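Right, one structure below, let's go through it.
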Amino acid sequence: MKIIVCIKQVPDTNEVRLDPKTGTLIRDGVPSIINPDDKSGLEAALRLKDQRGAHVTVISMGPPQADAALREALAMGVDRAILLTDRAFGGADTWATSTTLAGAIKKMDYDLIITGRQAIDGDTAQVGPQIAEHLKLPQVSYVEDMEVDGQYFIFKRMFEDGFHRIKVKRPCLITTLQEMNEPRYMKVGGIFDAYREKEVEIMTLADLDVNLEHIGLKGSPTKVKKSFTKGVKSAGKVYELAPKEAADLIVDKLKEKFII
Amino acid sequence: MDFNLSKEYIMLQRMYQEFAETEVKPLAEEVDETEEFPVETVKKLARYGFMGIPFPKEFGGEGGDVLAYAMAVEALSKVCATTGVIVSAHTSLCATPIYEFGTPAQKEKYLVPLAKGEKLGAFGLTEANAGTDASSQQTTADLEGDEYVLNGSKIFITNAGYADTYIVMAMTDKTKGNKGISAFIVEKDTPGFTIGKKEAKMGIRGSATCELIFENCRIPKENLLSTEGKGFRIAMQTLDGGRIGIASQALGIAAGALEQTVNYVKERKQFGKPIAAFQNTQFQLADMNTKVEAARLLVYKAAICKQNKMPYSKEAAMAKLYAAEVAMEVTTKAVQLHGGYGYTREYPVERMMRDAKITEIYEGTSEVQKMVIAAHLLK
Chain A
1 MKIIVCIKQV PDTNEVRLDP KTGTLIRDGV PSIINPDDKS GLEAALRLKD QRGAHVTVIS
61 MGPPQADAAL REALAMGVDR AILLTDRAFG GADTWATSTT LAGAIKKMDY DLIITGRQAI
121 DGDTAQVGPQ IAEHLKLPQV SYVEDMEVDG QYFIFKRMFE DGFHRIKVKR PCLITTLQEM
181 NEPRYMKVGG IFDAYREKEV EIMTLADLDV NLEHIGLKGS PTKVKKSFTK GVKSAGKVYE
241 LAPKEAADLI VDKLKEKFII
Chain B
1 MDFNLSKEYI MLQRMYQEFA ETEVKPLAEE VDETEEFPVE TVKKLARYGF MGIPFPKEFG
61 GEGGDVLAYA MAVEALSKVC ATTGVIVSAH TSLCATPIYE FGTPAQKEKY LVPLAKGEKL
121 GAFGLTEANA GTDASSQQTT ADLEGDEYVL NGSKIFITNA GYADTYIVMA MTDKTKGNKG
181 ISAFIVEKDT PGFTIGKKEA KMGIRGSATC ELIFENCRIP KENLLSTEGK GFRIAMQTLD
241 GGRIGIASQA LGIAAGALEQ TVNYVKERKQ FGKPIAAFQN TQFQLADMNT KVEAARLLVY
301 KAAICKQNKM PYSKEAAMAK LYAAEVAMEV TTKAVQLHGG YGYTREYPVE RMMRDAKITE
361 IYEGTSEVQK MVIAAHLLK
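In order, the protein sequence lines correspond to chains A and B.
If you read the first sequence in the working numbering, its first letter stands for residue 1, the second for the next number, and so on.
If you read the second sequence in the working numbering, its first letter stands for residue 1, the second for the next number, and so on.
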């Protein structure tokens with residue numbers, strides 16, 4: 001079985017501090033990590049490899065520093081690591097990112113593509129589903145458990161109040177949840193291998209089957225109008241009321257503040 | 001001269017720290033309190049490659065080096081000195097002499113499972129009347145046909161009872177003094193080999209420290225390590241390397257105590273402000289940090305010298321001497337800065353201070369390190 005896992009290197013938000021003066025994030029000196037949902041997807045792929053044998057490729061689009069995330073994946077046990085890096089990819093929104101990743105993946109052989117549900121720095125949850133659309137693949141999002149059944153996979157797709165069990169024929173794409181598993185640590189020897197014996201393959205624009213118009217900042221339909229820090233909210237108040245009275249109260253309060 | 005660690009060591013440090021914080025730190029207090037050997041932790045250490053860091057892959061190791069090993073012992077000892085010494089004794093004192101002196105068959109049979117962490121190792125040199133004076137060995141090994149017959153006992157043996165493979169020193173020719181000592185590989189459960197009294201200790205209480213007893217214990221002739229009479233040299237060279245492990249342990253204990261203290265002084269308020277705001281606190285912390293960093297440089301230098309096959313005996317002795325003194329000083333100051341709470345078991349610095357003391361004693365006391373350093377200086 002051939003599995004491709006898409007990962008993103010993100011700042012460790014547990015380590016991010018706020019600048020007390022400007023209220024913005026201080027990113028300097030913040031360690032970079034593999035996005036947690038992606039890391040669980042990676043672990044799921046490695047477990048399939050341990051249990052039944054699989055070839056696992058990990059792929060990331062990012063600046064040259066994303067090499068560290070791919071080496072970490074190698075140290076955890078993946079077979080191949082690919083970094084898509086090129087100035088032309090910079091400034092990409094989710095559409096341009098998924099176009100670029102799909103441009104690399106469509107040249108490859110796979111039974112399963114795994115992406116994390118969403119990245120902790122963007123929280124869009126769009127790139128995985130978009131890759132599936134680009135590649136015209138069936139997709140199952142929010143996967144928390146999976147099993148192999150011949151040429152099919154059976155996925156447990158989570159909702160807030162329940163789950164679906166979905167049987168899907170290969171090849172397909174899933175997006176995974178951090179709650180799916182507890183990712184393994186890197187192995188000591190794996191780290192040495194990752195730096196001394198294995199390589200992170202670099203792919204640039206020239207290696208991909210993509211339209212220049214659809215990638216990078218130029219190919220990104222999303223335009224960020226303004227970035228700002230949310231203002232401080234006043235303290236909330238809790239009312240214990242029956243639904244009907246509560247509705248009246250809300251309407252009154254909104255009128256009071258000239259919102260309606 | 002480049003003091004920057006390359007990317008692989010930075011990644012190793014991160015992995016060690018994650019493992020230590022998640023798998024080792026939560027058990028440290030209990031391991032100390034109950035004096036129970038952390039069997040499950042050792043299994044996890046094995047799974048992630050901690051038990052064979054400096055050995056080549058062909059011998060079941062991780063293909064790493066001595067610096068990577070030293071950093072592992074440091075990171076583990078930062079949260080639990082017991083766990084640190086288990087790895088150190090196993091790697092430096094048992095697997096390493098087999099790697100350095102063993103025959104291909106001995107490496108295949110003993111080093112491979114040790115480096116993979118399937119087996120645990122220990123080392124027996126010290127006797128009741130042969131501590132620093134290691135040449136006064138009373139344990140004997142007599143060749144009878146195809147077997148050596150061991151008689152005698154060893155004390156203060158780390159990992160005893162839990163280890164599967166023991167390097168044991170014994171006299172094969174009492175008339176030759178040092179040159180009559182030989183080294184043997186002894187498997188647990190060999191008839192005539194039993195584990196004696198377990199010591200109740202001040203620190204590293206989860207580490208098993210016991211007596212080894214040999215009563216007509218017959219081991220195959222091929223378990224002689226190197227040749228007859230080479231035991232003392234093997235022991236001394238092994239201890240040179242072991243000092244890097246213990247120096248790393250001491251460094252880790254000191255670094256752990258410093259970290260705990262930095263956190264504590266920011267929280268603890270007296271006279272209306274955090275005690276970190278007092279200059280005495282700041283000066284103490286500055287001294288502690290400077291000494292920890294100096295110890296780290298000595299330890300890493302000794303590790304790199306050994307790795308590069310340069311002379312490292314003096315460097316290892318200096319690293320151990322200094323790191324052990326720093327561990328004792330920093331943990332004592334850490335307790336002082338914690339005040340009354342530091343003396344209770346509510347905070348880990350009390351344990352760290354007890355753990356630190358042994359680093360000035362085992363694998364060569366501080367006085368022995370000074371003898372080694374002076375001997376190099378005056379030769």
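Even glycine gets a Cβ: it sits at the ideal position worked out from N, Cα and C.
Note that the structure is a prediction, hence the values are computed from the model and not measured.
**Report entry** Unbroken alpha helix (DSSP H) run spanning PHE89(A), endpoints
**Finding:** Translated into positions along the first sequence, residue 89(A) becomes position 89. Premise fails: PHE89(A) is in no alpha helix (DSSP H) and is neither H nor E.
Query raised in the report: Span of the beta strand (DSSP E) holding ILE185(B)?
Result: For this step, residue 185(B) is matched to residue 185 along the second sequence. Run containing ILE185(B): 181-187, per the beta strand (DSSP E) assignment.
**Report entry** Every unbroken alpha helix (DSSP H) within the region 170-258 of chain A, with a cutoff of 4 residues, ordered by chain
**Finding:** 188-196, 243-256
Query raised in the report: To which residues does DSSP link SER32(A) through a beta bridge?
Result: Residue 32(A) sits at position 32 when you count from the first residue of the first sequence. Per DSSP, PRO11(A).
Query raised in the report: Is ALA141(B) near THR103(B), with beta carbons less than 8 Å apart?
Result: Within the second sequence, the letter at position 141 stands for residue 141(B). Within the second sequence, the letter at position 103 stands for residue 103(B). No, the pair does not count as a contact, with Cβ atoms beyond the cut-off.
Report task. Please confirm if the region 83-97 of chain B is in contact with the region 324-337 of chain B, defined as three or more CB-CB distances below 8 Å between the two stretches. Result -> no
Requested in this report: Grab me the residues of THR94(A)'s own chain with a C-beta within less than 8 Å of its C-beta, minus the 5 sequence neighbours each way, in chain order.
Outcome: Against the first sequence, residue 94(A) aligns to sequence position 94. Around THR94(A): GLY122, THR124, GLN126, VAL127, GLN130, THR222.
Query - Given 8 Å, three or more beta-carbon pairs between the region 286-304 of chain B and the region 357-366 of chain B - result: no
Query - Any chain A beta carbon closer than 8 Å to GLU62(B) - result: Stepping through the second sequence from its first residue, residue 62(B) is reached at position 62. With 8 Å as the cut-off, GLU62(B) counts as an interface residue toward chain A.
**Report entry** ASN35(A) classed as buried or exposed, judged by whether at least 16 other C-beta atoms fall within 10 angstroms
**Finding:** Within the first sequence, numbered from 1, the residue matching residue 35(A) stands at position 35. Classification for ASN35(A): buried.
Query raised in the report: With burial defined as no fewer than 16 other Cβ atoms inside 10 Å of the residue's Cβ, what is the status of LEU217(A): buried or exposed?
Result: Your numbering for residue 217(A) matches position 217 in the first sequence. It is exposed - the Cβ of LEU217(A) has fewer than 16 other Cβ atoms within 10 Å.
Query - Host alpha helix (DSSP H) of ILE260(A) (start-end) - result: Translated into positions along the first sequence, residue 260(A) becomes position 260. Unbroken run through ILE260(A): none, as it is neither H nor E.
Query raised in the report: So, is ASP2(B) buried or exposed, given that buried needs 16 or more other C-beta atoms within 10 angstroms?
Result: For the purposes of this step, residue 2(B) is taken as residue 2 along the second sequence, with counting starting at 1. Burial call: exposed.
Query raised in the report: Based on Cα-Cα distance, which residue from GLU108(B), PHE123(B), ILE53(B), LEU321(B) lies nearest to LEU212(B)?
Result: Taking the second sequence and counting its residues from 1, the one referred to as residue 212(B) is at position 212. For the residues GLU108(B), PHE123(B), ILE53(B), LEU321(B), the minimum Cα distance to LEU212(B) belongs to PHE123(B).
Query raised in the report: Are the CB atoms of VAL168(B) and LEU143(B) nearer to each other than 8 Å?
Result: Start at 1 with the first residue of the second sequence, and residue 168(B) comes out as number 168. Start at 1 with the first residue of the second sequence, and residue 143(B) comes out as number 143. No; because the gap between Cβ atoms is not below 8 Å, this pair is not in contact.
Report task. Would you mind sorting GLU43(A) into buried or exposed? The rule is 16 or more other CB atoms within 10 Å of its CB. Result -> Along the first sequence, read from residue 1 onward, the residue named residue 43(A) stands at position 43. With 16 or more Cβ atoms within 10 Å of its Cβ, GLU43(A) is classed as buried.
Query - Chain-order list of residues whose beta-carbon lies under 8 Å from that of GLY229(B) (same chain, five-residue window excluded) - result: As a working mapping, residue 229(B) is identified with position 229 in the second sequence. Once the five neighbours on either side are set aside, the close Cβ partners of GLY229(B) are THR172, ASP173, LYS176, LYS179, GLY180, ILE181, SER182.
Report task. Inspect the beta-carbon positions of GLY121(B) and GLY52(B) and report whether they are closer than 8 Å. Result -> Position 121 of the second sequence, counting from 1, holds the residue named residue 121(B). Position 52 of the second sequence, counting from 1, holds the residue named residue 52(B). Not closer than 8 Å, so no.
Query raised in the report: Is ASP145(A) closer than 8 Å to LYS156(A) when the C-beta atoms are compared?
Result: Position 156 of the first sequence, counted from the start, is the residue given in the question as residue 156(A). Position 145 of the first sequence, counted from the start, is the residue given in the question as residue 145(A). Result yes, Cβ atoms of LYS156(A) and ASP145(A) sit closer than 8 Å.
Query raised in the report: Taking 8 Å as the CB-CB limit, is ILE191(A) close to chain B?
Result: By 1-based counting over the first sequence, the position of residue 191(A) is 191. Chain B contact via Cβ: present.
Report task. Out of THR158(B), ASP189(B), SER226(B), PRO220(B), point me to the one whose CA is closest to ALA200(B)'s CA. Result -> The residue labelled residue 200(B) in the question sits at position 200 within the second sequence. ALA200(B) has its Cα closest to that of THR158(B), out of THR158(B), ASP189(B), SER226(B), PRO220(B).
**Report entry** Listed by chain order, chain A residues near ASP328(B) by CB distance under 7 Å
**Finding:** Numbered from 1 along the second sequence, position 328 holds the residue referred to as residue 328(B). Sequence inspection shows Met at residue 328(B); the Asp mentioned does not correspond to that position. Within chain A, no residue comes near MET328(B); the closest Cβ sits about 30 Å away, beyond 7 Å.
Query raised in the report: Using Cβ-Cβ distances below 7 Å, what residues of the region 128-149 of chain B are close to chain A?
Result: none
Query - 7 Å Cβ shell around LYS25(B) - same chain, five flanking residues per side excluded - result: As a working mapping, residue 25(B) is identified with position 25 in the second sequence. Excluding residues within five positions, the ones whose Cβ falls inside 7 Å are VAL79, CYS80.
Query - Where the region 168-197 of chain A meets chain B: residues whose CB sits under 9 Å from a CB there - result: ARG184, TYR185, MET186, LYS187, VAL188, GLY189, GLY190, ILE191, PHE192, ASP193, ALA194, TYR195, ARG196, GLU197
**Report entry** Range covered by the alpha helix (DSSP H) that runs through LYS357(B)
**Finding:** Stepping through the second sequence from its first residue, residue 357(B) is reached at position 357. Segment 349-358, the alpha helix (DSSP H) holding LYS357(B).
Requested in this report: For chain A, find out if any of its Cβ atoms is closer than 8 Å to the Cβ of MET11(B); answer yes or no.
Outcome: Within the second sequence, the letter at position 11 stands for residue 11(B). At least one chain A Cβ lies under 8 Å of MET11(B).
Report task. Return helix, strand or coil for ASP161(A), following the three-state DSSP convention. Result -> For the purposes of this step, residue 161(A) is taken as the residue at position 161 of the first sequence. Of the three classes helix, strand and coil, the one that applies to ASP161(A) here is coil, per DSSP.
Query raised in the report: Cβ atoms of PHE192(A) and GLY241(B): under 8 Å apart, would you say?
Result: One-based indexing of the second sequence puts residue 241(B) at position 241. One-based indexing of the first sequence puts residue 192(A) at position 192. The answer is no: Cβ separation not under 8 Å.
Query - chain A residues whose Cβ lies nearer than 8 Å to that of LYS57(B) - result: By one-based count along the second sequence, residue 57(B) stands at place 57. Those are GLY189, listed as they occur along chain A.
Query raised in the report: Taking the C-alpha atoms as reference points, what is the distance between MET180(A) and MET310(B)?
Result: By 1-based counting over the first sequence, the position of residue 180(A) is 180. By 1-based counting over the second sequence, the position of residue 310(B) is 310. Near 49 Å, if we compare the C-alpha coordinates of MET310(B) and MET180(A).
Query raised in the report: Does ILE86(B) have its Cβ less than 8 Å from a Cβ in chain A?
Result: Locating residue 86(B) in the second sequence gives position 86, counting from the first residue. No, no contact with chain A.
**Report entry** Per DSSP, cross-strand counterpart(s) of PHE153(A)
**Finding:** By one-based count along the first sequence, residue 153(A) stands at place 153. DSSP output for PHE153(A) lists VAL148(A), VAL168(A) as bridge partner(s).
Query raised in the report: Mind checking if SER18(B) is an interface residue toward chain A, Cβ cutoff 8 Å exclusive?
Result: Along the second sequence, one-based indexing puts residue 18(B) at 18. Looking at the sequence provided, one finds Glu at residue 18(B) rather than Ser. GLU18(B) counts as touching chain A.
Query - Backbone CA spacing between LYS8(A) and GLU133(A) [nearest angstrom] - result: Mapped onto the first sequence, residue 8(A) falls at position 8. Mapped onto the first sequence, residue 133(A) falls at position 133. Distance between the alpha carbons of LYS8(A) and GLU133(A) is about 19 Å.
Query raised in the report: Where does the unbroken alpha helix (DSSP H) through SER88(B) begin, and where does it stop?
Result: Within the second sequence, the letter at position 88 stands for residue 88(B). Unbroken alpha helix (DSSP H) run through SER88(B): 81-88.
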